[in-house]
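The structure appears right after this line, and notes come after that.
Number of protein chains: 2
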Amino acid sequence: MVKARKYVFRKQFDGFPKESDLELVEEELPPVKDGEFLAEAIYLSVDPYMRAYAPRLSLGTTFIGSQVAKVVESKNPKYPVGKHVVGEFGWRTHTISDGKDGIFPVLNPEGLPLSLSLGVLGMPGNTAYFGLLEICQPKAGETVVVSGAAGAVGSIVGQIAKIKGCTVIGIAGTDEKGKWLVEELQFDRFINYKDKDFEKELKEATPKGVDCYFDNVGGEISNAVMERMNQYGRISVCGAISGYNSGGDVKVGMVQLFVVSKQLKMEGFVVRRWTDRWFEGIEQNKKWIKEGKMRYRETMTEGFDNMFKAFVDMLKGGNVGKAVVKA
Amino acid sequence: MVKARKYVFRKQFDGFPKESDLELVEEELPPVKDGEFLAEAIYLSVDPYMRAYAPRLSLGTTFIGSQVAKVVESKNPKYPVGKHVVGEFGWRTHTISDGKDGIFPVLNPEGLPLSLSLGVLGMPGNTAYFGLLEICQPKAGETVVVSGAAGAVGSIVGQIAKIKGCTVIGIAGTDEKGKWLVEELQFDRFINYKDKDFEKELKEATPKGVDCYFDNVGGEISNAVMERMNQYGRISVCGAISGYNSGGDVKVGMVQLFVVSKQLKMEGFVVRRWTDRWFEGIEQNKKWIKEGKMRYRETMTEGFDNMFKAFVDMLKGGNVGKAVVKA
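Taken in sequence, the protein lines are chains A and B.
Final position of the first sequence in the numbering used here is 756; the numbers increase by one with none missing.
Final position of the second sequence in the numbering used here is 756; the numbers increase by one with none missing.
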């Protein structure tokens with residue numbers, strides 16, 4: 430008999446998630462039936478979308494999320510023992526699956542870490558790839574601003590914009606992140622949104638205005654970027670992390686004033702929109718990594734017991750690159 | 430010697446425009462030279478964009494705006510005496526022009542009032558036509574919400590959406606406006622944003638959600654509409670009148686939270702974008718009027734001396750349909 434451990438969603442988040450909102454419980458799994466397999470988590474993902482999606486999640490269910498897992502028992506020939514998968518199994522150590530839904534292949538065996546399937550070679554990498562290229566359609570020579578620039582998505586967005594020949598300005602909240610963005614990822618400039626001269630620095634950094642804005646944060650940071658945007662600027666809205674933990678109570682200046690006068694196009698997206706092109710994005714990012722044009726970093730937390738801590742640290746901006754938990 | 434009267438922009442608006450921000454002065458016009466003509470204002474337009482644009486307008490210049498004028502003296506064969514033109518001459522009674530810039534033909538002589546060239550058969554009509562059809566791309570059976578619904582633009586937007594087979598909900602601020610929208614313009618429903626149950630009424634009025642939103646106002650009204658929008662909803666942002674008189678100080682909930690989760694597309698526009706298709710919009714609106722499918726109303730103020738009053742009344746929502754001043 431296999432015992433799984435899992436986090437059950439017990440209480441709707443109010444502001445920043447509290448440890449007592451989730452309960453870590455043990456569950457005895459039934460025997461594996463024909464067509465099923467048992468997978469054991471190796472790496473688990475913590476992402477901003479989990480906080481955003483929580484209000485629509487039922488209490489009593491396992492908290493949502495993807496993981497890289499290894500098949501350890503199988504009665505399904507498509508998933509033999511030893512195979513690795515990316516599964517939308519939630520926050521749990523062991524999962525019985527029939528292999529039908531929410532399973533993606535691990536596409537990065539060639540010398541790259543398995544955990545990248547949760548980052549640059551997985552959902553966040555595709556979020557950056559499609560969200561920037563399809564919605565902003567950046568052209569060489571244009572100025573691209575990315576907020577949440579040192580996160581799993583933002584750090585890839587900026588690098589893709591550089592590959593496309595753009596001038597790239599990254600916005601994040603610590604100078605350590607900024608150093609990484611400029612020195613290792615070749616961003617043209619970093620601006621710390623916590624600086625009291627943030628708006629002035631942003632103006633100086635964008636002498637030709639801003640053509641594309643990849644927005645992970647929302648709020649006044651985004652208004653300051655819109656203030657700098659050129660006519661017909663494009664905004665890809667990937668997230669609004671500055672509002673996730675405030676219950677919608679954060680009040681900001683109205684964006685419509687910028688949207689009209691500058692004729693901006695702002696579009697939100699969920700990466701599932703491009704499910705039919707999923708492997709295109711992952712293969713392209715992998716190619717750029719192999720060519721040395723794209724770098725990545727992971728903030729790795731050890732231990733399934735530390736899932737909650739890793740989650741909240743990430744929400745508070747404690748991660749550089751992709752936040753991952755090693756089970 | 431002809432004496433023109435004109436309104437000079439003397440003081441930048443702070444909140445709602447004050448009468449002392451503009452000065453009504455007399456100006457002696459020089460003789461008409463070869464290639465020029467003298468036009469006398471018949472109808473003058475007051476529009477929300479004038480308030481929005483004012484911060485970028487230099488003090489000491491004539492306040493901006495269009496008028497229907499009649500050529501009363503001419504040394505330009507293209508503009509013979511007696512011809513009517515729509516000119517971007519600003520708030521003035523007499524204008525000498527060389528006919529090169531900012532002049533549109535009057536396209537509605539066939540039994541329709543000349544003043545419509547400032548409304549449904551002019552810039553506001555084209556704003557409605559292109560702003561709705563090009564940006565929202567409404568499909569038959571979809572639900573379309575229009576704010577500022579009883580204004581020069583909103584009232585046309587709603588009627589075009591009805592012609593295209595949509596369910597149309599108009600938002601405005603008086604029940605008299607609502608009566609006109611529903612009883613005469615065939616809107617499916619009117620909601621008064623001043624009602625304390627506004628959000629509840631909006632929810633009841635949109636059982637299938639909202640697919641398209643034509644936004645003239647911005648602010649919390651627009652957030653309430655976004656709350657009701659369906660996945661992949663489209664928002665055409667024409668104006669943000671709720672923010673024009675507040676110096677950007679109105680604070681509202683952040684739109685990015687809706688934009689991401691519902692994958693909304695929000696686009697602002699200025700109607701000049703479609704200058705190359707200008708006559709298409711006007712001819713189509715005229716056709717719909719002739720066919721009895723489109724109605725219009727004007728709120729007419731008598732006298733050039735009352736320009737300022739008409740302007741502020743319009744900004745406060747005092748008009749039904751197009752606000753026009755008869756010189």
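Beta carbons are placed, not taken as given, at the ideal position from N, Cα and C, and that holds for glycine.
Being a predicted model, the structure only gives us computed values, none of them experimental.
Neighbourhood of residue i by C-beta distance below 6 Å, restricted to the same chain and skipping five residues each side
i: B:Phe518; result: Gln496 and Thr524
i: A:Thr730; result: Ala739 and Val754
i: B:Thr596; result: Thr572 and Asp617
i: B:Ser503; result: Phe466, Pro509 and Val510
Reference residue i, options the options, closest by Cα
i: B:Lys432; options: B:Pro446, B:Val461 and B:Ser449; result: B:Val461
i: A:Leu473; options: A:Glu502, A:Lys435 and A:Trp520; result: A:Trp520
i: B:Phe492; options: B:Pro484, B:Val700 and B:Glu727; result: B:Pro484
i: A:Met655; options: A:Ser690, A:Trp703, A:Gly494 and A:Lys507; result: A:Ser690
i: A:Val575; options: A:Phe616, A:Lys745, A:Arg439 and A:Ser526; result: A:Phe616
i: B:Tyr642; options: B:Lys694, B:Met743, B:Val611 and B:Gln685; result: B:Lys694
i: A:Glu456; options: A:Thr556, A:Met743, A:Gly599 and A:Arg434; result: A:Arg434
i: A:Lys722; options: A:Lys499, A:Glu696, A:Tyr673 and A:Gly594; result: A:Gly594
i: A:Glu712; options: A:Phe442, A:Lys751, A:Ala557 and A:Leu536; result: A:Leu536
i: B:Val500; options: B:Ala470, B:Val475, B:Gly494 and B:Asp476; result: B:Ala470
i: B:Val515; options: B:Ser503, B:Gly494 and B:Asn505; result: B:Gly494
i: B:Gly580; options: B:Leu543, B:Ala468, B:Trp609 and B:Val684; result: B:Trp609
i: B:Gly548; options: B:Asn714, B:Ala756 and B:Lys719; result: B:Asn714
i: B:Leu453; options: B:Thr522, B:Val741 and B:Pro506; result: B:Thr522
i: B:Leu562; options: B:Lys591, B:Ala578 and B:Gly577; result: B:Lys591
i: B:Arg724; options: B:Ile585, B:Gly746 and B:Ala756; result: B:Ile585
i: A:Phe533; options: A:Lys719, A:Gly746 and A:Arg706; result: A:Arg706
i: A:Asp443; options: A:Ala468, A:Val700 and A:Ser675; result: A:Ser675
i: B:Tyr622; options: B:Val611, B:Gly577, B:Val679 and B:Trp703; result: B:Gly577
Outcome for residue i when other beta-carbon atoms lying within 10 angstroms are tallied against a minimum of 16
i: A:Pro509; result: exposed
i: A:Arg480; result: buried
i: B:Phe708; result: exposed
i: A:Pro636; result: exposed
i: A:Glu727; result: buried
i: B:Asn778; result: Because chain B in this structure spans residues 430 to 756, residue 778 of chain B falls outside the shown range and cannot be described.
i: B:Met430; result: exposed
i: B:Lys529; result: exposed
i: A:Phe445; result: exposed
i: A:Ser487; result: exposed
i: B:Pro553; result: buried
i: B:Asp604; result: exposed
i: B:Ser449; result: exposed
i: A:Gly607; result: buried
i: A:Ala569; result: exposed
i: B:Gly551; result: buried
Contacts of residue i in chain A (Cβ-Cβ under 9 Å)
i: B:Cys667; result: Val689
i: B:Glu696; result: Val688, Gln692, Leu693, Lys694, Met695 and Glu696
i: B:Ala481; result: Leu686, Val689 and Ser690
i: B:Val741; result: Under the 9 Å cutoff, chain A gives no residues; its nearest Cβ is about 20 Å from B:Val741.
Neighbouring residues, chain B, relative to residue i (Cβ below 7 Å)
i: A:Met683; result: Gly647, Gly648, Ala669, Gly672, Val679 and Val681
i: A:Ser651; result: Gln685
Neighbour list for residue i in chain B, Cβ cutoff strictly below 8 Å
i: A:Asp644; result: Gln685
Residues near residue i by beta carbon distance below 7 Å, same chain, minus five either side
i: B:Gln692; result: Gln660 and Tyr661
i: B:Ile564; result: Arg663, Ser665, Glu696 and Phe698
9 Å Cβ cutoff met for residue i and residue j
i: B:Ile650; j: B:Met658; result: no
i: A:Gln588; j: A:Trp717; result: yes
i: A:Ser526; j: A:Glu465; result: yes
i: B:Phe733; j: B:Leu451; result: no
i: A:Ala669; j: A:Gly682; result: no
i: A:Gly599; j: A:Phe619; result: yes
i: B:Val582; j: B:Ala601; result: no
i: B:Val666; j: B:Asp644; result: yes
i: B:Val684; j: A:Val684; result: yes
i: B:Asp476; j: B:Ala756; result: no
i: B:Glu633; j: B:Asp624; result: no
i: B:Leu614; j: B:Tyr673; result: no
i: B:Asn555; j: B:Gly750; result: no
i: A:Phe559; j: A:Val700; result: yes
Within chain A, partners of residue i - CB distance below 8 Å
i: B:Arg702; result: Gln692
Own chain partners of residue i with C-beta closer than 8 Å, once the 5 adjacent residues on each side are dropped
i: B:Gly489; result: Val437, Phe438 and Arg439
i: B:Phe687; result: Asn652, Met655, Glu656, Met658 and Leu693
i: A:Pro542; result: Glu727
Where residue i meets chain A, residues with beta-carbon distance less than 7 Å
i: B:Val699; result: Gln692
Below-9 Å beta-carbon distance, residue i vs any chain E residue
i: A:Glu712; result: Absence of chain E from the displayed structure is noted, the protein chains being A and B.
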